[in-house]
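Data block below; observations after.
Number of protein chains: 2
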Amino acid sequence: MKNSEVDRRVMKTRQAIHEALISLMEEKKYNKITIQDIIDRANVGRSTFYAHYATKDELLFSNVEDSLEILNQYIKSYIEHDEDKPGLISVVELFEHIKEHRKTIKGLFKEEGTDLFFEKVEAYWNENIEEYIKSKLPRGQEPKVPIEILTMHISSTIINLLKWWVYNNMSYTPTQMEQYFRNLVNPCIDSVINNHSEKS
Amino acid sequence: MKNSEVDRRVMKTRQAIHEALISLMEEKKYNKITIQDIIDRANVGRSTFYAHYATKDELLFSNVEDSLEILNQYIKSYIEHDEDKPGLISVVELFEHIKEHRKTIKGLFKEEGTDLFFEKVEAYWNENIEEYIKSKLPRGQEPKVPIEILTMHISSTIINLLKWWVYNNMSYTPTQMEQYFRNLVNPCIDSVINNHSEKS
DNA sequence: ACATTAATGAACACTTTGTTCGGTTATATT
DNA sequence: AATATAACCGAACAAAGTGTTCATTAATGT
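Just so you know, the protein sequences line up as chains A and B, in that order. Each residue of the first sequence is one higher than the one before, starting from 1 at the first, in full-length UniProt numbering. Each residue of the second sequence is one higher than the one before, starting from 1 at the first, in full-length UniProt numbering.
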């Protein structure tokens, strides 16, 4: 029986496959990567791959789950610290995290084949954001925009900023990006939640 | 020589292929549709397909270019009518257009394989929106958010709303969606362009 | 009616996929 | 150090898709 540890061979194989995928994603789009490519680069038998993962997507997500959890933490902390200094720290850190891990994470942002990934990210974030918005909303008051839409909009805004930023070689600093994010999102949250006059 | 018209056979074939793709996209994701599927459904020889289109994407875009042009018109008209009644009419019409053509256009919104399409849409829109923003910006004044980012954000917001709306079976009316769009976007445009106090 | 142009469908070499299975090697345990 | 176990290997497989070629047939415009 295994000592709650995994066979070293398994770890080695998984890592080889993992690294192969990452390395390939730096070169071409996820869509265009074949399992053949992966096992070639990983130096792993065909049957071995299928012993570990049923599909390419399964591999992707097993690779990405850690990243997902980390990204989620940033949003959580963004929300939790909102009272004092509205989210400044953690969104900066989110961008910094991406910048730091750009080599391994960049493939995920490359055109196409990113849908799957970002759907997951958004689903993660939506939970926390929705809760946050509800807590902000004065009781008994109808928001001008349905909460589900506002939530979706905020998640999407972060994701779009991240995508754009990576795609444009991170030409602004994380701090700037954070600032831009707040400039885009805070006014509309205020406006939706408070009964600001609609204005002409 | 052809009378600037196309051979009837060509039209017939193109249409058959076109309809095959549309019909397949109502059933499964674009990614999962093979050329084999298409020629089977279209009842068209393999070589015939390749005589017309080099790739599946080429087919997609030839199908979609008309839609693109139409969508672009809505944004143009949104911008042009902004002075009097800020964009109300044409964004409603945009959602109505989608609703009307949902059978043929819905496939494009189905998860995955939409990146290609929406990149095109966004590129189209960005041109017009950027121009619009520049015209709004008082001369010599620096916007709080770079224009390219603000532009991207507005395009993305419409696209996300459209996607979300279609994905959720168009559960709100086009007029409502238009209202939500404005509630999400106008406050942040105002805030970015005018030197509103940043507020605490 | 006739020359032109398009569609056909079969054949092709090629790649990818997912599975199977007997043989080999690394591993943990004793 | 010996051994049972579990993991890897790799070759082979059928099945499906890709993109091209080509000789044959049919529709079209004039």
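Note that beta-carbon positions come from the ideal geometry of N, C-alpha and C, so glycine has one too. For clarity, every value in this text was computed on a predicted model and none was experimentally measured.
Among residues of its own chain, excluding the 5 on either side of residue i, which ones have a beta-carbon nearer than 8 Å to its beta-carbon?
i, result
"B/Ser-191", "Lys-144"
"A/Tyr-124", "Leu-68, Leu-71, Asn-72, Ile-75"
"B/Pro-146", "none"
"B/Ile-33", "Leu-21, Leu-24, Met-25, Lys-56"
"B/Ala-16", "Ala-42, Asn-43, Val-44"
"A/Ile-39", "Ile-17, Ala-20, Gly-45, Arg-46, Thr-48, Phe-49"
"B/Ser-200", "The predicted model places B/Ser-200 with a pLDDT of 35, which falls under 50 and marks its position as unreliable; any figure quoted below should be read in that light. The answer is none, since no qualifying residue turns up."
"A/Arg-102", "Val-166, Met-170"
CB residue i to CB residue j, shorter than 8 Å?
i, j, result
"B/Cys-188", "A/Leu-137", "no"
"B/Ser-155", "B/Glu-178", "no"
"B/Ile-149", "A/Trp-164", "yes"
"B/Phe-117", "B/Val-64", "yes"
"A/Tyr-53", "A/Ser-62", "yes"
Going by C-alpha to C-alpha distance, which of the options sits closest to residue i?
i, options, result
"B/Met-11", "B/Glu-127, B/Lys-56, B/Phe-49", "B/Phe-49"
"B/His-97", "B/Leu-68, B/Trp-125, B/Phe-117", "B/Leu-68"
"B/Arg-41", "B/Thr-173, B/Met-170, B/Met-25, B/Val-64", "B/Met-25"
"B/Glu-142", "B/Ile-193, B/Asn-186, B/Ile-158", "B/Ile-193"
"B/Tyr-30", "B/Ile-129, B/Asp-115, B/Gln-15", "B/Asp-115"
"A/Glu-127", "A/His-153, A/Thr-173, A/Arg-139", "A/His-153"
"A/Arg-182", "A/Thr-173, A/Ser-135, A/Arg-139, A/Ile-158", "A/Ile-158"
"A/Tyr-9", "A/Ile-129, A/Ala-51, A/Leu-59", "The question names Tyr, but residue 9 of chain A is Arg in the sequence shown. Selected option, being the one with the closest Cα: A/Ala-51."
"A/Thr-173", "A/Thr-151, A/Lys-134, A/Glu-130, A/Leu-94", "A/Leu-94"
Ignore the nearest five residues each way along the sequence and tell me which others in residue i's own chain have a CB closer than 6 Å to its CB.
i, result
"A/Thr-175", "Val-92"
"A/Glu-119", "none"
Considering only residues of the same chain and omitting the five flanking positions on each side of residue i, which have a CB-CB separation below 7 Å?
i, result
"B/Leu-162", "Ile-98"
"A/His-18", "Asn-63"
"A/Arg-14", "His-52"
"B/Leu-59", "Ile-17, Leu-21, Tyr-53"
"A/Asn-160", "none"
"B/Met-170", "Lys-99"
"B/Asn-168", "none"
"A/Ile-35", "Phe-49, Lys-56"
"A/Ile-133", "Ile-147, Leu-150, Thr-151"
"A/Asp-7", "none"
"B/Asp-37", "Leu-24"
Members of the segment 25 to 38 of chain B near chain A, C-beta cut-off 7 Å: Of all residues in the segment 25 to 38 of chain B, none has a Cβ within less than 7 Å of some Cβ in chain A.
Contact residues within the segment 164 to 178 of chain A, judged by C-beta distance below 7 Å to chain B: Trp-164
Members of the segment 131 to 145 of chain A near chain B, C-beta cut-off 7 Å: Lys-144, Val-145
Near-chain A residues of the segment 149 to 161 of chain B (beta-carbon distance less than 8 Å), N- to C-terminal order: With the criterion set as a beta carbon lying under 8 Å from some beta carbon of chain A, the members of the segment 149 to 161 of chain B are Ile-149, Leu-150, Met-152, His-153, Ser-156, Thr-157, Asn-160, Leu-161, in sequence order.
Positions along the segment 46 to 76 of chain A whose CB lies within less than 9 Å of some CB in chain B: Under the 9 Å Cβ criterion, the segment 46 to 76 of chain A contributes no residue.
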